[in-house]
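A.B. asks:
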Amino acid sequence: MRKIFKIIGPLVLLIGIILIIVGFIDFFSSITKPTPPTKFYFFFISFPLIFVGFVLNSIGFNKTNKQKTPTKKCPSCGAINKNNEDNCPYCDYSLKE
Ligand SMILES: [Zn+2]
Numbered sequence: 074m075r076k077i078f079k080i081i082g083p084l085v086l087l088i089g090i091i092l093i094i095v096g097f098i099d100f101f102s103s104i105t106k107p108t109p110p111t112k113f114y115f116f117f118i119s120f121p122l123i124f125v126g127f128v129l130n131s132i133g134f135n136k137t138n139k140q141k142t143p144t145k146k147c148p149s150c151g152a153i154n155k156n157n158e159d160n161c162p163y164c165d166y167s168l169k170e
């Protein structure tokens, strides 16, 4: 299921960005012309698309949790060294590699 989000998420985001660019080009090119911009509604479509794209990305890539912190287990006393220090905070065993 997450694989689908990984594909659709960036795709939706990309479509949203393309729609903004197309909307911008259409809007600015229409300034010099007497005709009003016809693709102005692209903006209104692109913003929800970008929002949905961001949500799908965060689900697909699971950015919210699982922040990797280096943990070393002391070979002497078995204590987990969360701060990745050179020496074990419990028995002062050297953890340097
Ligand atoms: Zn230790």
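Yeah, the sequence shown ends on 170 if you go by the working numbering, and it's all consecutive. Where a beta carbon is used, it is the ideal one built from N, C-alpha and C, also for glycine.
1) Give the DSSP-derived three-state secondary structure of Lys169 in the structure shown.
2) Could you give the distance in angstroms between the alpha-carbon of Phe113 and the alpha-carbon of Asn157?
3) What number of angstroms, rounded off, separates the C-alpha of Ile80 from the C-alpha of Tyr163?
4) Using a 10 Å radius around the Cβ and a threshold of 16 neighbouring Cβ atoms, would you call Ser131 buried or exposed?
5) Please list, in chain order, all residues of the same chain as Gly89 whose beta carbon is under 7 Å from its beta carbon, the five residues on each side excluded.
6) In three-state terms, what does DSSP make of Asn160?
7) Grouping DSSP H, G and I as helix and E and B as strand, with all else coil, what is Asn130?
C.D. replies: Walking through what the data contain:
1) Numbered from its first residue, the sequence shown carries residue 169 at position 96. Three-state DSSP puts Lys169 in coil, outside helix and strand.
2) Taking the first residue of the sequence shown as position 1, residue 113 is located at position 40. Taking the first residue of the sequence shown as position 1, residue 157 is located at position 84. The alpha-carbon atoms of Phe113 and Asn157 are separated by roughly 54 Å.
3) Your numbering for residue 80 matches position 7 in the sequence shown. Your numbering for residue 163 matches position 90 in the sequence shown. So the alpha carbons of these two residues sit roughly 46 Å apart.
4) Reading the sequence shown from its first residue, position 58 is the one you call residue 131. Counting Cβ neighbours within 10 Å, Ser131 comes out exposed, since fewer than 16 surround it.
5) The count along the sequence shown starts at 1 and reaches residue 89 at position 16. Here the set comprises Ser119, Leu122, Ile123, Gly126.
6) Along the sequence shown, read from residue 1 onward, the residue named residue 160 stands at position 87. It is a strand residue.
7) If you number the sequence shown from 1, residue 130 lands on position 57. Three-state DSSP puts Asn130 in a helix.
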